[in-house]
Every structure is written in C-alpha cells, then in structure tokens.
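Chains as they are written, first to last, in my numbering: chain A, 78 to 339; chain B, 955 to 1296. Since the structure comes first, as structure tokens, the remarks are kept for the end.
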C-alpha cells in the first residue's frame, strides 16, 4: 500500500493568528502537486502544517487514515519528508556527512551505518548527480549544487511523500529547471508523491500534475493546470490581470501578466 | 547506479571514519603522556617507575605522600574537569550553532562561581557546601537563560545574548563581593575567578569522575541527535527528532558537567570555549565529536597546569595559562563574525 496524505477542515497559524483556514485537501498519490498563492497567503504554513511543523488549531492531517500527530516521530519520518525553505548548513560539513543524516529515522542507536544505509545514501547522491562532490565541504558549493545536496538528504530519508518549500528560490533559471527536472525524474522513477510550494506560475503549470490555489488562507481552487491556470483564478489569487496562452513547448497554460503594461 | 559510484562514496565515508579514529588515538596518547608527566614533575622529580609503584603497591617514604595525596587527585581532577568542560562547551556550541555559545561565555560557569564566592566570602562556608552551592548556582543561571530566551521562533540567538548579559552581570557581582571581603579569605576565593587545581581532594576528584562517566556517556549517546539539531529545527523535526526533549536533555547534561567541574576546579578559563572548535578544525567535516572534544579539554587543562606549575617563574593557577590561549581566539572569533556579518 502506498501512503496517502490528506487534510480535513484544517486550520492553523501562529499564536492566536489563524493563517490557514478550513482547508480540505487530498494529495494525489504518485503525482506532483504544486501549491500556489500570493505572498503571505498561507501556502508555506499549509505545507508546514501538513508535516507536523505547525500545530493545527482545528481539523487534522491524516496519513493512511491516522492523524500525523499520533505517529511516533521516527515512524512518521519514514513516510513523510520535507525540504524546508532555508535549512542551515553546519559549518565545515561535507556532502557525504550531510546526506547521511537523512538516515536518522532508520538507524540503530550507537551503531554505524548499515549496508542498506550506504546503498540508499549512495543512490540518493547518484540520482542528484553529486557523487563526485561527496568529500567536498557544502560551504564551498554553488547554490544549485547545494540545493541538490539538500534534495539528496531528503531522498536518503526514503519517504513515499516529499514536501518541498520553495525549492527553487534564490536559484537562477537553469538551476530552477534542473531541480524541477530532478523532482520529475524522482516522481517517475520511484513514484514519490511530491507536493511543493512554487512562486513561478509558468513553472508550476509546466511541472505540476495538480495545482492547489490558495487565497487568504483558504483553498480557492484545485485541479489540473489546465483547470486552474485561467485568467479568472489568477485574478482572484494574485489580484492581477493576465492573459493565458499555450506554452509552445508543452502546450500547458502559460501566463502573460498585463499589469500597467505600456 | 554503477557499482563504481557506490564504492567511491563508501570510500569517502570510510576515509572520514578512519581519520576520526586516528585522531582519537593520537589524542589518547597525548593525554596519557601528559598524565604521566603531571605525576612525575613538580618540586621533586619522581621516575615513572616510582610513581607506579607508590600508586599500586607499596609505601615509598617521601614519594608516596606527594604522589598519592597531592599529585594523583590533582591529575585526576585535571583530566576529568577538562573532559567535562570540553564536552559541555562542545554541546552548547554545536547545539546553538555558534562558537560563542560555550558555558563560560554565556554565564553558566559564572553562575557557579558567583554562588561559590558568595558562600566563601559572605557566608563563610567551606568544603562540600560550597560545591553544592556552585552546582545549584550554575543550574539556576542556565534555567533563567533558558526560560528568558523562550518565545516565538528560533531562540538560539536570544539565548546567547541573554547569556552574555548574565555573564557581564555576574562578573560584576563577583568583583563586588571580592572588594568587600576580608583580605585573608580572598586567596581562597580566587580559585573561583580563574580556575585552579590547587588543593583538590581525592573525594572531589572521584565526584567529577562519576559525573563524567554518567553525563559524558549520555552526551556521546545524544551526539547523533545533536547533529540533526544542527540542520535547523524544521529539518530535525521532519527527520523524526523530538526537538524540545533533545534540547532539554543536552542542556541538562552539559550544565551538570559544567557546574560540577566548576565546583571543583573553578571556571578554568576558555577550556569549554576552545576544545570544540579546535577539534572541529582538526577532524574536518562536522560530526558531533563529543568524545574528542572531551579529550581535547583534558589535554588543555593538563598541559596548561604543567606549564603553569613547572615552566613559569612563579606557580600560577592553570586558568591563567588557558585564559591566555582563549583571549586571542575570542577576539579572532569576534572579528570573523563581524566580517561575515553575523
């Protein structure tokens, strides 16, 4: 059986401030879902609530029909992974060392890495194309390489579901495409269910199988890119006038913002 | 994946492991040499043979008192206080991700010292009562720092700033108490300012040995969790770590080590602060290196004490020597942080 993550009547926030309001969603299994929405609309908070980082104030998140807060933390970590937006790079850490930390939920206390640990860590590095960087310091790497190292860590965690909080921020366009291609490959090869927050609507439309549009903490609409990326929904979500055309490469919808165009 | 790729990656791990094991062995050898030297050197030189004989078998006139009663507790306390300081400092620095976060910079050891000075000079206590007071003082300050730094979001930076504030305040309190005290008490209280292994009794040495065995092995056990904390709380949580419990366990163990060691040797300057960063520099990578940091602490204390006792014109407390090492490093740290912008 594969893992299924869904939320029912989910509300959450910080302190008394509710950010996510009454969201019901089911992450489509083995698909890539993208959460879009304007700045501060609650999409990151929603993602964090889905993986236990923010407590729900109402409703709950379920993994295989069981509330995620009822799982022992290591058991949950074997099923549900997250790549946070800005993880901390410990000073002087090597790539190999960092990626190996993804094996934590599987390792026995005080024991070294098992054969399986080595196998999975190596596979993760190989898939992200960083095997030849294994003994390098993470501080010395470029932004794109670093992001691949973090992804390899999340892969080493070997979960069926992977959540990513803006995995392409601070990367230039070629690295953005590289990371999204790698995620697509991961989804196709291993069937990993992926859900991520993205800012770029065109990239979302191109890489997503399914899109959740969030506005003001509420789930405004959800569906395939063709169903979601239209002028009306974009206006509601971002308050922006736009024209939608077909991407000449993939035939997916593509947004042309109008704004105060000359 | 090619078989070759996997072999290359595994070799990287084995190489790192081998490196750390080699370093650990070298540290052990250095420590053993220093332990032997501190038993042999002093006012009178005794050969290794004499030392071993007087410790294990017979009563050698003249030598036995010096070796068994004076030098042995001093050496033992030096080693284990060093381990305690090294591990406690390393834990705080790695946990809070900042080399300034060691207990001697953020006021925990000062808390222990302040209470000790107060007990000696104002209450005229002595012996175990002072030590217990010092332990409670260290814990109280640590607790206050921890409570005051709680709030929304990450509180690592807050914890360090509040700790620095406590440190400055407590140093002022110590100075005030010493200025007010009677002349003849001051010599006794000085141990609590710079740290010294003078007049350590065997009971005190045994106390720190026991504490290091329990708290030290807990910290070694917690190392892997500590390494996850370093990735930031979000990552650590999704990797299945209970952040609050782990932090609390790490803090409690480190504080007990630090406070008990302080209650015996006084705050031996800069050992907590230096051990972790030196080891991180030598070992490369960023493992927790808990055991190695402890060994480094022991080496610093014993080497410092040997220099202070034998190589200088007068006999100084060990804290003076380690302090001299620590001050430039602290400045360097501050410069570098300033340079990096935080």
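For each residue, glycine too, the CB sits at the ideal point set by N, CA and C. Note that this is a predicted model, so its numbers are computed, not measured.
| Check | Outcome |
| --- | --- |
| Please go through the same chain and pick out, in chain order, the residues whose beta-carbon is closer than 6 Å to the beta-carbon of residue 1187/B, but skip the five residues on each side of it. | 1197 |
| Apart from the five residues on each side of it in sequence, which residues of its chain come closer than 7 Å, Cβ to Cβ, to residue 156/A? | 80, 140, 236, 237, 238 |
| If we cut at 8 Å on Cβ distances, does residue 1181/B have a partner in chain A? | yes |
| Keeping to the same chain, check which residues put their C-beta closer than 6 Å to that of residue 1256/B; ignore five residues upstream and five downstream. | 988, 992, 1032 |
| Using a Cβ-Cβ cut-off of 8 Å, state whether residue 158/A counts as contacting chain B. | yes |
| Let's test the definition: count the other Cβ atoms within 10 Å of the Cβ of residue 1019/B and tell me whether it reaches 16, buried, or not, exposed. | exposed |
| Relative to the C-alpha of residue 234/A, which candidate in 319/A, 158/A, 88/A, 137/A has its C-alpha closest? | 158/A |
| Since residue 178/A meets chain B, which of its residues come closer than 8 Å, beta carbon to beta carbon? | 1181, 1182, 1185, 1193 |
| Which residue wins for smallest C-alpha separation from residue 1172/B, given the options 963/B, 1149/B, 1202/B? | 1202/B |
| Does residue 171/A get closer than 8 Å to chain B when you measure Cβ to Cβ? | yes |
| Can we say the stretch 82-98 of chain A touches the stretch 128-146 of chain A, given the rule of at least three CB pairs closer than 8 Å? | yes |
| Are there three or more Cβ pairs, one per stretch, closer than 8 Å when the stretch 1210-1217 of chain B is compared with the stretch 1090-1100 of chain B? | yes |
| Cβ closer than 7 Å: which chain B residues qualify as neighbours of residue 202/A? | 963 |
| Given that residue 164/A touches chain B, what residues does it touch there, using C-beta distances under 8 Å? | 1185, 1186, 1188, 1189 |
| Whole angstroms are fine: how far does the CA of residue 1182/B sit from the CA of residue 1192/B? | 10 Å |
| Quick one: any contact between the stretch 1041-1060 of chain B and the stretch 1237-1244 of chain B, if contact means 3 or more CB pairs under 8 Å? | yes |
| Per DSSP, residue 214/A is paired with what? | 171/A |
| Less than 8 Å separating the beta-carbons of residue 231/A and residue 967/B? | no |
| Only counting runs of 3 or more residues, tell me where the beta strand (DSSP E) segments fall wholly within the stretch 1158-1214 of chain B, in order along the chain. | none |
| Mind checking which residues open and close the beta strand (DSSP E) that includes residue 978/B? | That residue, residue 978/B, is in no beta strand (DSSP E); its alpha helix (DSSP H) goes 957-994. |
| How about residue 129/A: is its C-beta nearer than 8 Å to some C-beta of chain B? | yes |
| From the DSSP output, which residues share a beta bridge with residue 100/A? | 87/A |
| Tell me, please, whether the CB atom of residue 1241/B is closer than 8 Å to any CB atom in chain A? | yes |
| Straight-line CA distance for residue 970/B to residue 1238/B? | 9 Å |
| Please decide whether residue 195/A counts as near chain B, where near means a Cβ-Cβ distance under 8 Å. | yes |
| How about the stretch 289-306 of chain A and the stretch 252-271 of chain A: do they share at least three Cβ pairs that are nearer than 8 Å? | no |
| For residue 1001/B, does the three-state DSSP call read helix, strand or coil? | coil |
| Count the CB pairs spanning the stretch 991-1007 of chain B and the stretch 1224-1239 of chain B that are closer than 8 Å, and state whether there are at least three. | no |
| If you count every other CB in all the chains shown that lies within 10 Å of the CB of residue 315/A, and 16 or more means buried, which is it? | buried |
| Any beta carbon of chain B sitting closer than 8 Å to that of residue 174/A? | yes |
| Find the residues of chain A that neighbour residue 1178/B, judging by a C-beta separation of less than 9 Å, and give them in chain order. | 178, 181, 184, 186, 187 |
| Using a Cβ distance threshold of 8 Å, determine whether the stretch 190-210 of chain A contacts the stretch 243-254 of chain A, with at least three qualifying pairs required. | no |
| Can you name the start and end residues of the alpha helix (DSSP H) that residue 138/A belongs to? | Careful: residue 138/A lies outside any alpha helix (DSSP H), inside the beta strand (DSSP E) at 133-140. |
| Taking Cβ-Cβ distances below 9 Å as the criterion, which residues of the stretch 966-996 of chain B are in contact with chain A? | 966, 967, 969, 970, 971 |
| Is the Cβ of residue 89/A closer than 8 Å to any Cβ of chain B? | no |
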